[in-house]
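Peer 1: In terms of my numbering, the sequence shown opens at residue 17 and continues consecutively.
Glycine residues also receive a C-beta, built at the ideal position from the N, C-alpha and C atoms.
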Amino acid sequence: MIEDGQSFNDLIDTAFEYHNYEIAEYLKSNCGQTFDSIAESMLFGNYDVASCLISNGADINQTCISFLLIFIIDL
């Protein structure tokens, strides 16, 4: 539960951390929240969000993305 006075800011990252994809989708569509990084988006399989972040000039952590791509390819 959310205590009085707390905000919903960055709650989408917590939702993805605990694999609550329905809650994350709700926060994305109704509250306008986005993920903190491209690497997190790719880690959770949200390639459309990662693509959008890349096309909008987000900061790219090349090392982390390289490891994630190798991991995804190995699956």
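Can you give me the C-alpha to C-alpha distance between N46 and I39, rounded to a whole angstrom?
Peer 2: Numbered from its first residue, the sequence shown carries residue 46 at position 30. Numbered from its first residue, the sequence shown carries residue 39 at position 23. Distance between the alpha carbons of N46 and I39 is about 10 Å.
Peer 1: For L118, count neighbouring C-beta atoms within 10 Å of its own C-beta (all shown protein chains included) and say buried if the count is 16 or more, exposed if not.
Peer 2: Outside the displayed span of the chain (17 to 91) sits residue 118, for which this structure offers no information.
Peer 1: S82 to N36, Cα distance in whole Å?
Peer 2: Sequence index remark: in the sequence shown, residue 82 carries index 66 (1-based). Sequence index remark: in the sequence shown, residue 36 carries index 20 (1-based). C-alpha separation (whole angstroms): 25 Å.
Peer 1: On the DSSP letters alone, give me the boundaries of the alpha helix (DSSP H) that Y42 sits inside.
Peer 2: In the sequence shown, residue 42 corresponds to position 26, counting from 1. Unbroken alpha helix (DSSP H) run through Y42: 37-47.
Peer 1: For I89 and E41, I'd like the C-alpha separation in whole angstroms.
Peer 2: Counting from 1 along the sequence shown, the entry for residue 89 is found at position 73. Counting from 1 along the sequence shown, the entry for residue 41 is found at position 25. Distance between the alpha carbons of I89 and E41: 25 Å.
Peer 1: If we ignore side chains and look at the alpha-carbon of each, how far apart do E33 and F87 end up?
Peer 2: Within the sequence shown, residue 33 is the residue found at index 17, counting from 1. Within the sequence shown, residue 87 is the residue found at index 71, counting from 1. Each residue's alpha carbon lies about 18 Å from the other.
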